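Chemist: Take a look at this one; I'll ask things after.
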Amino acid sequence: MISQVKRRQFSQAEDLMLLRQVNAERPYEAPAKGIMKLLTSAAAALSGREEFTRADIDAKKAQYRFNVLLSNHRSFNKESVKASGDDGVYDERTELLDELLVSYDDMKEQQKERAVKVDNEAQRNENEGSIVRSEALSSLGKRKRGVKREQRRGQIAENDVCNARRQQGRLGVSQVAA
1 MISQVKRRQF SQAEDLMLLR QVNAERPYEA PAKGIMKLLT SAAAALSGRE EFTRADIDAK
61 KAQYRFNVLL SNHRSFNKES VKASGDDGVY DERTELLDEL LVSYDDMKEQ QKERAVKVDN
121 EAQRNENEGS IVRSEALSSL GKRKRGVKRE QRRGQIAEND VCNARRQQGR LGVSQVAA
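Note that the sequence shown covers residues 1 to 178 in the UniProt record's numbering.
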């Protein structure tokens, strides 16, 4: 029988260590391919500490836990705004989460602005290309091949009639002689 590993939740101390490490490394600010490298180094740094009891932490687990903490803190902020007059507990964990949340949201906003800028640039280039294409087509005008298709068809028909008469004339002369 396979023994299942009992699921454990992160403790407050482990969450705080994870937040400190993420705050130090800021993996979400890295380019797309560098995020997992920084998360791997953060997970390795955490697993090397004696106080951190989760030896099996890896980059994916660290990323997932960080995202859960940010999501929970975001909903906590929404609830605390609704409850006026409630000071609550403001400890190091909350302070780190506030700082990381602002930094994370700023980074996401910058990414959106860059994406919009790239899209606008691509659209502008496409519009310029279509303008150039339309100008080039309008300046070409119609092609002049000398004779229109209908005229060529008529000439071909006339040539066929002439050739047929010549053939008949040759055949007619030889047939009469025979």
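We put the CB at the ideal spot given by N, CA and C, even for glycine.
These numbers come from a predicted model, not from an experiment.
Find out if the Cβ-Cβ distance for the pair L18, F76 is shorter than 8 Å.
Modeler: No; because the gap between Cβ atoms is not below 8 Å, this pair is not in contact.
Chemist: Does DSSP put R114 in a helix, in a strand, or in coil?
Modeler: Helix at R114.
Chemist: Whole angstroms is fine: what's the gap from S130's alpha carbon to R74's?
Modeler: Spanning the two alpha carbons is a distance of roughly 46 Å.
Chemist: Using 8 Å as the threshold, is the C-beta distance between P27 and L38 below it?
Modeler: Cβ distance < 8 Å, so P27 and L38 count as in contact.
Chemist: In whole angstroms, what is the alpha-carbon distance linking K33 and T94?
Modeler: Going from the Cα of K33 to the Cα of T94 covers about 29 Å.
Chemist: If you check the beta carbons only, do I57 and L70 fall under 8 Å apart?
Modeler: Not in contact: I57 and L70 (Cβ atoms no closer than 8 Å).
Chemist: If E25 sits next to A44, beta carbons under 8 Å apart, how far is it from one beta carbon to the other, in whole angstroms?
Modeler: Not really, about 11 Å apart at Cβ, beyond 8 Å.
Chemist: Could you give the C-beta distance for M36 and A55, rounded to a whole number, given that I count them as a contact under 8 Å?
Modeler: At roughly 20 Å, the Cβ-Cβ gap does not stay under 8 Å, so M36 and A55 are not in contact.
Chemist: Look at the alpha carbon of K112 and the alpha carbon of L140, and state the distance between them as a whole number of angstroms.
Modeler: For K112 and L140, the distance between alpha carbons rounds to 42 Å.
Chemist: Let me check understanding here. Comparing Cα to Cα, which of S80, S138, A62, E14 lies closest to E50?
Modeler: Cα-wise, what sits closest to E50 is E14.
Chemist: Should Y64 be labelled buried (16 or more other beta-carbon atoms within 10 Å of its own) or exposed?
Modeler: Looking at its Cβ environment, which holds fewer than 16 other Cβ atoms inside 10 Å, Y64 is exposed.
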